[in-house]
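Below: one structure, written as structure tokens.
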Amino acid sequence: APNCSLTLRGVQGNVHGQFGTSLSPCPDLNGDGLPELAVGAPLEDRGHGSVYIFLGCPWGIQAKYSQRIQVVSGRAGRGLQFFGVSVHSAGDLNSDGLADMVVGAKGAAFILR
1 APNCSLTLRG
11 VQGNVHGQFG
21 TSLSPCPDLN
31 GDGLPELAVG
41 APLEDRGHGS
51 VYIFLGCPWG
61 IQAKYSQRIQ
71 VVSGRAGRGL
81 QFFGVSVHSA
91 GDLNSDGLAD
101 MVVGAKGAAF
111 ILR
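Just so we're aligned: 70 in UniProt numbering is position 70 of the sequence shown, and the numbers increase by one with no gaps anywhere.
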């Protein structure tokens with residue numbers, strides 16, 4: 001058995017959410033100088049999907065997620081499926097000094113700034 005020192009988890013009760021389907025190390029997202037980790041769960045919330053952000057810390061990654069990102073309202077959320085099937089760091093697309101992310105869904109890609 002592997003020797004794991006940390007297990008990351010999403011929201012309780014989403015046992016079929018496919019948490020961990022996609023993973024992406026991200027450069028600093030919050031300005032503290034430490035890298036973060038984005039984790040996709042594309043089947044959460046009846047297939048709408050979520051992406052979790054785990055902040056970096058001096059010893060690695062914090063065990064509790066800092067943010068759960070969902071697209072559930074407005075025009076972008078209508079009919080959305082599998083948000084978080086892929087997650088990727090995209091560099092600093094808007095030149096604000098912070099890393100941006102691209103998140104894939106069925107038939108769509110979202111740029112998160």
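Each residue gets a CB set at the ideal place from its N, CA and C atoms; glycine is no exception.
Residue i vs residue j beta-carbon contact at 8 angstroms
i      : j      : result
ALA109 : LEU29  : no
LEU43  : GLY17  : yes
VAL51  : VAL103 : yes
LYS106 : GLN81  : yes
GLU36  : LEU8   : no
CYS57  : LEU23  : no
Buried versus exposed, by CB contacts within 10 Å (16 or more), residue i
i      : result
GLY53  : Reading the sequence as shown, one finds Ile at residue 53 and not Gly. Buried: at least 16 other Cβ atoms inside 10 Å.
GLY91  : exposed
GLY97  : exposed
MET101 : buried
Among the options, nearest to residue i - alpha-carbon criterion
i     : options                        : result
HIS48 : HIS16, LEU93, GLY107 and GLN70 : GLN70
ASP45 : PHE83, VAL103 and MET101       : PHE83
ILE61 : LEU80, PRO27, GLY91 and ALA41  : PRO27
GLN12 : ALA41, GLY79, VAL87 and SER5   : ALA41
Spatial distance of residue i from residue j (CA atoms)
i      : j      : result
ASN94  : ARG113 : 7 angstroms
ILE111 : SER5   : 32 angstroms
GLY10  : TYR65  : 7 angstroms
GLY79  : GLY31  : 34 angstroms
HIS88  : PRO25  : 8 angstroms
Start and end residues, alpha helix (DSSP H) containing residue i
i     : result
GLY47 : 44 to 47
Residue i - containing beta strand (DSSP E), residue span
i      : result
PHE110 : 108 to 112
PHE54  : 50 to 54
ALA105 : 101 to 105
Contact test: residue i Cβ vs the ligand HEM heavy atom, cutoff 7 angstroms
i     : result
PRO35 : You won't find the ligand HEM in this model; it holds no ligand whatsoever.
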